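One structure below.
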Amino acid sequence: MRFRGHLALGLILAGIAPAGAKAGTIGFDVVHQGTMHEAVYCINRDQDRLIAVGAPNLLFDSADGGRTWTQNTTVAFSGAPMGCRLKHGIGFVVGQGGQIFRQEAGAWSAVPKATEARLFAVDHNAKGLAVAVGAFGAVLVSTDAGRSWTPVQYDWSSTNTEGFEPHVYAVSVAEDGTILIAAEFESILRSTDQGRTWTLVHKGKASLFDLSVGTDGIGFAVGQDGRVLRTADGGLSWTAVPTGVSTNLLGVSRDGAGKVLVSGLRTLLVGADDGSALVSVEAGDVATGWYQGIARGGNGAWLLGGQSGRLVQVTSK
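Residues -23 to -1, 1 to 294 (mature numbering (1 follows the signal peptide of the UniProt record, and there is no 0)) make up the sequence shown, in order.
See below:
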C-alpha cells in the first residue's frame, strides 16, 4: 500500500499487526499534553534548545533540553508544519503548500516558495547546503543556508515501474556534502554533488518514513511493515535489522552511546545500534497510540512527539 494522503492520518488508519517480543518497560514522562485534534510530527535539538512542530499550525520551543515547552504563536503558518531541523544556529520548518520558514538569531521568517508540494523533512550542514523533500518526488536544494531554494529534477523510473513520482519522506545532509533521501518503494538515493546527480543505493517494497545518519557513518532508516535498515558506511549500503513487528515505524534516533530508539504506530523499539535485533518495549500509551517525532533530549532522555499534541520524555532503563 502506498500512502498518498496526510502521512500521520494515513498511518493511523492503517492495519495493526501484533508486536514482537517485549523487553520490559522504560521511563515515560508526559511533559506536554495537547488536545485530541493536535499532533506533533517532528522534534529536533541543537544543544539544550529544541523545537517541535505539528498540526494544526503548532510550533513549540524548549530551552532546557526538553523538560519544559512553550508554544510559539508568532509564526503565521499557512498549513500544518510537518518537518523541522535545528542545528548550527539555524532552524527550519517545512510543511503543507511548500512553505519554508527559517530562523536565525532568534527570528523566524518565511522563505519564498520554490514548490507547492507538501514538504515532509529538511536538513542542512554548516557549509550552507540545505535540502527539503516532500510529496510526489519534491526535492529542493539550497546552497545559501536556506535563503533561497531550487527544485531538483530526477527521473524516478529507477525506483518503480508504474511511473509514480514517490513521496520523499526523509533527508540527511552530511558535513562533507553527502545527501541521502528516503522515499516510497524503499528507495534510498545518494548525491555528492549538491543534488545534481543521484545514485539509487537501496530499493525494496516498504515506504521509508525517517532517516538518520551520524558523523560516524552509522545510520538507520525506518518505515512500513516494521522495516528497519542500517548503514555503517555513510549510506553507501544498507542491511535489514530484525524487529519482530509489522507495524509502521515513523521515527528513529541514536543516543550516541550505542543505543537506538524507534517510534511508530502502537510500537516503540529499542536496542543496540550495532545491527542486532530491536525489541518492543511497553511504555505509557504506546500500545494504543502513535509517536512520530523523535530526538535526543539535552538531559540524556529521548523526546517523542505524536498523538494529541503530546510531548514525552523517554528514559531507557
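The beta carbon of each residue, even a glycine, is placed where N, CA and C say it ideally should be. From a predicted model like this one, the values you see are computed outputs, not experimental measurements.
Item	Value
Within the stretch 29 to 105, ranges of the alpha helix (DSSP H) (whole runs, at least 4 residues)	none
Minimum C-alpha distance to E57 - residue among A151, F97, G154	A small fix is needed here, since residue 57 is Ala in this sequence, not Glu. The option with the nearest alpha carbon to A57 is F97.
Cβ-Cβ separation, S184 to G203 (assumed contact under 8 Å), whole Å	12 Å between Cβ atoms; not a contact.
Proximity to T208 [Cα-Cα], best of V118, V88, S189	S189
Straight-line Cα distance separating S253 from T120	37 Å
Beta-carbon proximity list for P89, same chain, < 6 Å, skipping 5 on both sides	none
Cβ shell of A264 (< 7 Å), same chain only, five flanking positions each side left out	R243
The stretch 170 to 178 contacting the stretch 217 to 224, beta-carbon criterion three pairs below 8 Å	no
CA-to-CA distance, G270 to W239, given in whole angstroms	The residue you asked about is not Trp; residue 239 is Val in the sequence shown. Whole-angstrom Cα-Cα distance: 10 Å.
Classification of Q48 by the beta-carbon crowding that lies within 10 angstroms, buried from 16 upward	exposed
Whether W46 touches L288 by CB criterion (8 Å)	yes
Beta strand (DSSP E) runs wholly inside the stretch 126 to 161, at least 3 long, in chain order	145 to 150, 156 to 160
Cut-off 7 Å between Cβ atoms - residues of its own chain near A94, not counting five sequence neighbours on either side	G75, G111, A112, F113, A115
Cβ-heavy atom distance, R167 to the ligand HEM, below 7 Å	This structure lacks the ligand HEM, and indeed carries no ligand of any kind.
Residues near P33 by beta carbon distance below 8 Å, same chain, minus five either side	H14, E15, A57
Assigned secondary structure, Q24 (DSSP; H/G/I helix, E/B strand, else coil)	coil
First through last residue of the beta strand (DSSP E) which encompasses F113	From DSSP, F113 is part of no beta strand (DSSP E); its letter is neither H nor E.
Supposed close pair V71, A109 - CB separation, criterion 8 Å	5 Å
Where the beta strand (DSSP E) through V258 begins and ends	256 to 259
With 16 other Cβ atoms within 10 Å as the buried cut-off, status of V7	exposed
Beta strand (DSSP E) segment containing L246, residue limits	245 to 249
Helix, strand or coil at G11 according to DSSP, with G and I counted as helix	coil
Reduced DSSP secondary structure (H/G/I, E/B, other) of V199	strand
Q171 to V256 span [Cα, whole Å]	37 Å
Spatially closest choice to G123 from Q80, D187, D232, by CA coordinates	Q80
Distance CB(L280)-CB(G274) smaller than 8 Å	yes
Residue closest to V99, alpha-carbon to alpha-carbon, out of T12, Y18, S135, G233	Y18
Host beta strand (DSSP E) of A272 (start-end)	268 to 273
Cβ neighbour criterion (16 or more within 10 Å) applied to Q24	exposed
Proximity winner among G283, T292, G266, relative to G248 (alpha-carbon distances)	T292
Where T220 sits in the DSSP three-state scheme	coil
Rounded distance between the beta-carbons of I165 and D250, thought under 8 Å	About 18 Å separates the two Cβ atoms, so there is no contact after all.
DSSP bridge partner residues for residue 295 (one or two, in chain order)	Lying outside -23 to 294, the shown extent of the chain, residue 295 is not represented and no answer is given.
Counterpart residues of R204 in DSSP-defined beta bridges	Answer is none; R204 lacks a bridge partner.
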